[in-house]
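Just so you know, we're using the working numbering here: the sequence shown kicks off at 57 and counts up by one. We put the CB at the ideal spot given by N, CA and C, even for glycine. Accompanying notes for the structure given below.
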Amino acid sequence: MSRKPVVGVPTDRKMITPHVYHAAGEKYLTALTDVAGVVPMLVPALPDRLPAYAWLDAIDGLLLTGSRSNVEPARYGGPPSAPGTEHDPARDALTLPLLRAALDRAIPVLAICRGFQEFNVAHGGSLHPRVHERPGMLDHREDDTRPLAMQYGPAHTLALTAGGLLQRLVGRDEITVNSLHWQGIDRLGEALRAEAVAPDGLIEAITAPHAPGFNLAVQWHPEWRAAENPVSCAIFEAFGAACREQARRQEPAGPE
């Protein structure tokens, strides 16, 4: 193959006074380059100028990152957010149609944390905005007073769905993951399959089995020091392999 596959990474739209920036976390980009073996391409959240269809011929894969912002409740028919909740309507307007279009075209998709929530909302699902306030649920938030290595440390186990994609990728029935999120799945999106469940019953990994290409969405952060974690490596390596196959299919036919 003459080139590495290109993976689109939609950005967050951030105000860094006095200017607006479009940004993505470096940890996602290094996981893509070092473990998946692909070339990340930042996709700015300019849905009015560059809508979803403008990117589909340029990418061989799509990675939806985590973010401090929440999907706007209007996107899934939820109640208004609590005061002070961060939102990113430009990202919502880009990622939701881009995700649906990528899945329709068999472009491989890996979605992480906020991306996991976008994956569910794009399929008609809904979200708990503050999981820790629901009776019987774990507190899935990070403690941001602790060092990063501790925030991203092991937090709880997940039971993997027998015979599911994630269970086949990692070759285990249970894994231990980090946990840095407020939102979580309330109603599972149409035709989605749960791939992993936390001890409190919260779904933490999903796939769209009806979609023709590789796709996986996870609530935790496998990109954190991905090369050091066998589960993260399995996820990113499988995603990279799917992107390489997609790129191969997109290569123009050689001369006869």
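Check this for me: beta carbons of residue i and residue j, under 9 Å apart or not?
i: Y84; j: L119; result: yes
i: R228; j: V287; result: yes
i: A282; j: A87; result: yes
i: V165; j: G296; result: no
i: H188; j: L236; result: no
i: G209; j: N234; result: yes
i: P145; j: C299; result: no
i: T50; j: G171; result: What the structure shows of the chain is the stretch from 57 to 312, and residue 50 is not part of that stretch, so it cannot be assessed.
i: A167; j: A273; result: yes
i: D113; j: V127; result: no
Would you list the residues sitting across from residue i in a DSSP beta bridge?
i: K320; result: Nothing about residue 320 can be reported from this structure: the residues present for the chain run from 57 to 312 only.
i: L118; result: G64, V165
i: G240; result: H184
i: N271; result: V165
i: I259; result: V253
i: H212; result: V233
i: L98; result: V65
i: H277; result: According to DSSP, which records beta bridges pairwise, H277 is partnered with nothing at all.
i: H143; result: N126
At the level of alpha carbons, what is the spacing between residue i and residue j?
i: E82; j: R190; result: 33 Å
i: L152; j: R186; result: 21 Å
i: P96; j: R305; result: 19 Å
i: D256; j: R59; result: 44 Å
i: A211; j: T232; result: 7 Å
i: R202; j: P308; result: 51 Å
i: M206; j: W276; result: 14 Å
i: H143; j: S137; result: 9 Å
i: C289; j: V226; result: 9 Å
i: M57; j: I115; result: A caution first: M57 carries a pLDDT of 47, below 50, which makes its placement in the model unreliable, though a value can still be read off. In a straight line, the C-alpha of M57 is about 15 Å away from that of I115.
i: H75; j: R69; result: 11 Å
i: G93; j: C169; result: 21 Å
i: P103; j: E174; result: 16 Å
i: R124; j: V253; result: 22 Å
i: E301; j: E284; result: 25 Å
i: T73; j: A303; result: 39 Å
i: G140; j: E198; result: 17 Å
For residue i and residue j, which I take to be in contact (beta-carbon distance under 8 Å), what is that distance rounded to the nearest angstrom?
i: V177; j: R131; result: 5 Å
i: V63; j: L98; result: With 8 Å as the limit, V63 and L98 do not qualify as a contact, their Cβ atoms being about 10 Å apart.
i: T217; j: E230; result: About 11 Å separates the two Cβ atoms, so there is no contact after all.
i: E251; j: G220; result: 5 Å
i: G245; j: L258; result: In fact, because the Cβ distance is near 15 Å, the residues do not count as touching under 8 Å.
i: P278; j: I262; result: The pair is not a contact, with the Cβ atoms about 14 Å apart (cut-off 8 Å).
i: A157; j: Y109; result: 6 Å
Could you pull out every residue in the same chain whose Cβ sits closer than 8 Å to the Cβ of residue i, ignoring the five residues on either side in sequence?
i: G133; result: S182
i: W111; result: G64, V99, L154
Please go through the same chain and pick out, in chain order, the residues whose beta-carbon is closer than 7 Å to the beta-carbon of residue i, but skip the five residues on each side of it.
i: H266; result: A247
i: Q223; result: L216, T217, D229
i: A264; result: L159, H179, A247, L248, N271
i: W280; result: K83, Y208, N234
i: M193; result: V187, D256, L258
i: H184; result: R190, Q239, G240, D242
i: D200; result: Q207
i: P135; result: P129
Give me, in chain order, the residues of the same chain whose beta-carbon lies closer than 6 Å to that of residue i; leave out the 5 immediate sequence neighbours on both sides.
i: P100; result: T67, H78
Using only the heavy atoms of the ligand NAD, determine whether one of them is closer than 8 Å to the beta carbon of residue i.
i: L154; result: The ligand NAD is not among the ligands present in this structure, which contains no ligands whatsoever.
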